[in-house]
């Protein structure tokens, strides 16, 4: 059954050095578009769901290119604004290799999305027949108006009984407009049903400092009883090209543990967490908790094989990985 899923957040342009070159060497870059929430929307669109993304672009060809990128991947772009003010956020990505780490340089301040206001939207129309709203901790960190936009979206979704998920995604360098995460995030998290959070997210966004994920989840559930499910991925970086990935899911006091995947010769790890989030949303909509966790993790693993920010795989492909079928075969 198809569900209507709303995502809200900034879309950026990613410029990637070619052939693992360093920034000091590069004289041309590969161009991708993406954003944490938009990546979730695209992935869910490829899973056969109806997705709607809320964002803003500058009224120029870069904005239209980003708009077309979402549209061609099946995302409803009806609520995307083109603004004369602001700009396209950009980040530069130097892909590491072997023992050399990857590097990212952000250039995103003053983006068109950061100027959006919650009064710009007809929220009743946006949430008509919707089943889910997804946000991340990046949005309230961008600007005061983006924080207000995110808060309003969550409140409207709660009023309509729509499930809300949030990838807490603490980014220290983004909080530059006079507010701290602890000033904003607890209220947003308190009205969210499903979150992704690691130990640093718990500590910096809701002030819970614990030694283990399960302890942090227990304390979070006591403090925020509306939260039903908490998940996290666990990555072991052997090198920039080889990682191990597993995941945990906490639901009402019960802890679920996934299998572990070894990923060698990774193509692109950007968007791996968003692929996990999209897989988790799909899994929680259509599967039991253990199955949802395994589906989300397998979706993330597959993303590491795909250039670009979004996970362009189908439900069948993810299910095949979960079942360990057709691994690396030539399919005709």
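In UniProt numbering, the protein residues as written are 1 to 332. Built from N, CA and C at the ideal position, the CB exists for glycine as well.
With a threshold of 7 Å on Cβ separation, who are the neighbours of residue i within its own chain once the five nearest residues in sequence on each side are excluded?
i	result
residue 272	300, 303 and 304
residue 330	For residue 330, the pLDDT reaches just 49, beneath the cut-off of 50, and the residue's location in the model is therefore unreliable, although a value from the coordinates is still provided. Closer than 7 Å at the Cβ level, and outside the excluded window around residue 330, lies no residue.
residue 59	82, 83 and 84
residue 237	243
residue 216	199, 202, 208 and 210
residue 289	249, 251 and 256
residue 220	202, 206, 208, 227 and 230
residue 310	34, 39, 42, 43, 73 and 271
So for residue i, helix, strand or coil by DSSP?
i	result
residue 28	coil
residue 57	strand
residue 203	helix
residue 315	helix
residue 330	At residue 330, the pLDDT of 49 sits below 50, so the modelled position is not reliable; the number obtained from the coordinates is stated separately. If DSSP states are grouped into helix, strand and coil, residue 330 belongs with coil.
residue 134	strand
residue 182	helix
residue 244	strand
residue 13	strand
residue 94	strand
residue 106	strand
residue 128	coil
residue 19	helix
residue 43	helix
residue 254	strand
residue 119	helix
residue 272	helix
residue 171	coil
residue 214	helix
residue 177	coil
residue 263	strand
residue 112	coil
residue 197	coil
residue 295	helix
residue 286	helix
With a threshold of 16 other CB atoms inside 10 Å of the CB of residue i, please say whether the residue is buried or exposed.
i	result
residue 231	buried
residue 314	exposed
residue 225	exposed
residue 137	buried
residue 173	exposed
residue 12	buried
residue 141	buried
residue 105	exposed
residue 268	buried
residue 157	buried
residue 292	buried
residue 125	exposed
residue 265	exposed
residue 187	exposed
residue 263	buried
residue 181	buried
residue 254	exposed
residue 149	buried
residue 22	exposed
residue 284	buried
Can residue i and residue j be called in contact, C-beta distance under 8 Å?
i	j	result
residue 103	residue 91	no
residue 116	residue 56	yes
residue 6	residue 127	yes
residue 295	residue 248	no
residue 88	residue 114	no
residue 97	residue 240	yes
residue 193	residue 164	yes
residue 20	residue 71	no
Just confirm the distance between the C-beta atoms of residue i and residue j, as a whole number of angstroms; I'd bet it's less than 8 Å.
i	j	result
residue 123	residue 162	That belief does not hold up - the Cβ atoms of residue 123 and residue 162 are roughly 11 Å apart, past 8 Å.
residue 190	residue 43	With a Cβ gap of about 27 Å, residue 190 and residue 43 do not count as contacting.
residue 67	residue 121	In fact, because the Cβ distance is near 17 Å, the residues do not count as touching under 8 Å.
residue 228	residue 259	That belief does not hold up - the Cβ atoms of residue 228 and residue 259 are roughly 23 Å apart, past 8 Å.
residue 16	residue 45	Not really, about 23 Å apart at Cβ, beyond 8 Å.
residue 9	residue 139	5 Å
Considering only residues of the same chain and omitting the five flanking positions on each side of residue i, which have a CB-CB separation below 8 Å?
i	result
residue 18	26, 28, 29 and 30
residue 321	298, 301, 302 and 327
residue 99	239 and 240
residue 63	57, 82, 88 and 112
residue 101	240
Please go through the same chain and pick out, in chain order, the residues whose beta-carbon is closer than 6 Å to the beta-carbon of residue i, but skip the five residues on each side of it.
i	result
residue 40	7, 134, 274, 277 and 278
residue 234	246
residue 47	282 and 315
residue 130	4, 6 and 162
residue 167	136, 196 and 277
residue 185	205
residue 144	177
residue 323	none
residue 261	245 and 301
What do you reckon, is the C-beta of residue i under 7 Å from a heavy atom of the ligand ATP?
i	result
residue 128	With respect to the ligand ATP, the structure shown offers nothing to examine, as it has no ligands at all.
For a cutoff of 8 Å on Cβ pairs, would you count residue i as touching chain C?
i	result
residue 79	Annotation note: the requested chain C is absent from the structure, which comprises a single protein chain.
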